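Chains as they are written, first to last, in our numbering: chain P, 136 to 496; chain C, 83 to 200.
Read the structure below first, then the notes.
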């Protein structure tokens, strides 16, 4: 039997500023087995939602699960509740919801790409992308009033409309970001640190993706055509120009490329929304109290987010179940690590774009 | 709820039901869910979504008493291990091959969602 050594990555590690621990069993440099520990900062939000907060307040509670995809959490919950109430959300509100979700996706993907650059030792690229990301953050602040914890989604619609000044600023900033993303693509395709170094590293095959139920950019990078934006009718994604981005090799390079082209598609969708925003109200008063079961999925930046709720006609819900993308992807992460070199583990981890804040909900 | 198909099963048949139903190239396994029915009983749900279909969700469910053991499905769906362990931590339900301690620390409140959170 060959000699093995166990090396921990985390619970605090420079490649990821959130607490997660992987234990790698290595034979020389090769990882042959992996175990994980994700339970460092569990916050009991599911329990709080069913015992402390009435259903109208929960959108603001679940928005606190994650700073990066706060909109996605509150929207997914809100749509689950709206299924059980009487009334219809206006088309304008649905368009504005997509606008914010896609802005969220743009800055979240930019954050991931910057971390991948940092792990490649390309510090300047990291700072460049983080700086450019401010164009999106400032738009979110302008639209919602907050830079991070945007309480924009409400049951029945959204809390704020956009005027012509905001519309023109959105288009202006998106045009700048679009050009920047073309520059990133040039770098990620041709710069040695970001392209050749990451080709064939951290590969997930299509068969493994099916077997381990990969989701989000991790799945699409190896050719698994799954995206809740095309598998759910709750938001009119087809009307605003959604296009699925897939690759076939499933390595770090392809995950980067999927995210880069998804940013371009998100920018296109945001521009289409601003140009073709329907008229009407942004908020509809929905009647009743949730009674029954509802399950809604939404494509968060890291993949499929799911909310299941059960109510019995009372202000407090019986159950709020939150299935976050990173948590359900951990078995797939572990399979990707197996067979990789330990030296590549931080870069592979960064390319997964894990969100431990969502995981420890 | 539209497009959610609920299929009742039992502890004796659930594994076989899922084995017969599940094709990994057609269905994505979403998660295992627990819903408290009463202080002694939790409904365990196995949830699947169909690839390339609009909101097509299938849920198998079994009502489980705290003294019973739920069979593991990790030999059919390896990724289910993570949600099985989450259910063990959150509800205190026994699931085959699924140890406590993935999600909650030793000094945490144990099984916070058991008994309807009471």
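Using N, Cα and C, we set each Cβ at its ideal position, and we do this for glycine too.
Small disclaimer: the values here were computed from a predicted structure and weren't measured.
8 angstroms Cβ cutoff met for residue i and residue j
i	j	result
residue 434/P	residue 363/P	yes
residue 142/C	residue 91/C	yes
residue 302/P	residue 236/P	no
residue 398/P	residue 241/P	yes
residue 367/P	residue 377/P	no
residue 260/P	residue 322/P	yes
residue 353/P	residue 217/P	no
residue 436/P	residue 203/P	yes
residue 394/P	residue 247/P	yes
residue 113/C	residue 458/P	yes
residue 332/P	residue 255/P	yes
residue 212/P	residue 197/P	yes
residue 153/P	residue 491/P	yes
residue 257/P	residue 206/P	no
residue 443/P	residue 451/P	no
residue 497/P	residue 238/P	Residue 497/P is absent from the structure shown; chain P starts at 136 and stops at 496.
residue 489/P	residue 151/P	yes
residue 288/P	residue 191/P	no
residue 176/P	residue 485/P	no
residue 348/P	residue 110/C	yes
residue 472/P	residue 169/P	yes
residue 172/C	residue 193/C	yes
residue 456/P	residue 115/C	yes
residue 265/P	residue 243/P	no
residue 93/C	residue 140/C	no
Residue i versus residue j - alpha carbon distance
i	j	result
residue 134/C	residue 474/P	31 angstroms
residue 137/P	residue 344/P	30 angstroms
residue 230/P	residue 375/P	8 angstroms
residue 182/P	residue 118/C	12 angstroms
residue 158/P	residue 167/P	11 angstroms
residue 405/P	residue 233/P	8 angstroms
residue 388/P	residue 189/P	45 angstroms
residue 350/P	residue 299/P	37 angstroms
residue 369/P	residue 164/P	47 angstroms
residue 89/C	residue 138/C	14 angstroms
residue 185/P	residue 309/P	39 angstroms
residue 453/P	residue 126/C	15 angstroms
residue 360/P	residue 171/P	27 angstroms
residue 292/P	residue 86/C	24 angstroms
residue 419/P	residue 96/C	42 angstroms
residue 146/C	residue 381/P	41 angstroms
residue 416/P	residue 161/P	59 angstroms
residue 200/P	residue 180/C	26 angstroms
residue 139/P	residue 476/P	14 angstroms
residue 470/P	residue 342/P	12 angstroms
residue 152/C	residue 190/C	24 angstroms
residue 346/P	residue 304/P	44 angstroms
residue 479/P	residue 328/P	13 angstroms
residue 121/C	residue 391/P	48 angstroms
residue 319/P	residue 487/P	19 angstroms
residue 383/P	residue 357/P	4 angstroms
residue 297/P	residue 179/P	35 angstroms
residue 493/P	residue 193/P	16 angstroms
residue 448/P	residue 371/P	29 angstroms
residue 314/P	residue 402/P	11 angstroms
For the region 114-136 of chain C, which residues have a beta carbon sitting closer than 9 angstroms to at least one beta carbon of chain P? 115, 116, 117, 118, 127, 129, 131, 132, 133, 134, 135 and 136
Note down, in chain order, all residues in the region 252-284 of chain P with a beta-carbon under 8 angstroms from any beta-carbon belonging to chain C. none
Determine which residues of the region 464-489 of chain P have a Cβ less than 9 angstroms from any Cβ of chain C, and write them out in chain order. 464, 465, 466, 467 and 470
What residues from the region 149-176 of chain C come within 8 angstroms of chain P, judged by C-beta to C-beta, listed N to C? If the cut-off is 8 angstroms between Cβ atoms, the region 149-176 of chain C has 159, 160, 161, 163, 164, 165, 168, 171 and 172 near chain P.
Report yes or no: do three or more beta-carbon pairs, one from the region 99-112 of chain C and one from the region 322-340 of chain P, lie closer than 8 angstroms? no
I'd like the ranges of any alpha helix (DSSP H) spanning at least 4 consecutive residues and lying wholly in the region 441-482 of chain P. Counting only runs that start and end inside the region 441-482 of chain P, the alpha helix (DSSP H) elements of at least 4 residues fall at 460-472.
The region 261-274 of chain P contacting the region 414-432 of chain P, beta-carbon criterion three pairs below 8 angstroms: no
Could you run through the region 140-173 of chain P and flag, in chain order, every residue whose CB is less than 9 angstroms away from some CB of chain C? Those would be 171, 172 and 173, in chain order.
Closer than 7 angstroms between beta carbons: that is the criterion. Which residues of the region 192-209 of chain P meet it against chain C? none
Threshold first: 4 residues or longer. Then list the alpha helix (DSSP H) segments lying entirely within the region 83-158 of chain C, N to C. 96-103
Name, going along the chain, the residues of the region 419-444 of chain P whose beta-carbon falls closer than 9 angstroms to a beta-carbon of chain C. 427, 428, 429, 430, 431, 432, 439, 441 and 443
Which residue spans inside the region 147-186 of chain P form an unbroken beta strand (DSSP E) run of at least 3? 156-162 and 165-172
Touching or not, the region 159-169 of chain C and the region 453-467 of chain P, by the rule of three or more beta carbon pairs under 8 angstroms? yes
Select from the region 181-194 of chain C all residues with a C-beta closer than 9 angstroms to any C-beta belonging to chain P, and list them in chain order. 183, 184, 185, 186, 187, 190, 191 and 194
Quick check: the region 149-161 of chain C against the region 136-152 of chain P, are there 3 or more CB pairs under 8 angstroms? no
Check distances from the C-beta atoms of the region 371-395 of chain P to those of chain C and list, in chain order, the residues that come in under 8 angstroms. none
Which complete alpha helix (DSSP H) runs does the region 235-321 of chain P hold, if anything under 4 residues is left out? 258-267 and 269-279
For a minimum of 4 consecutive residues, which ranges assigned as the alpha helix (DSSP H) are wholly contained in the region 369-410 of chain P? 387-410
Near-chain C residues of the region 337-355 of chain P (beta-carbon distance less than 7 angstroms), N- to C-terminal order: 345, 346, 347 and 348
Mind checking the region 356-368 of chain P against chain C and listing, in chain order, the residues whose C-beta falls within less than 9 angstroms of any C-beta there? Within the region 356-368 of chain P, the qualifying residues are 359, 360, 361, 363, 365, 366, 367 and 368.
Residues in the region 175-186 of chain P with C-beta within 7 angstroms of chain C's C-beta atoms, listed in sequence order? 177, 179, 181, 182, 185 and 186
When you check each C-beta in the region 85-112 of chain C against every C-beta of chain P, which residues fall closer than 7 angstroms? 86, 106, 107, 110, 111 and 112
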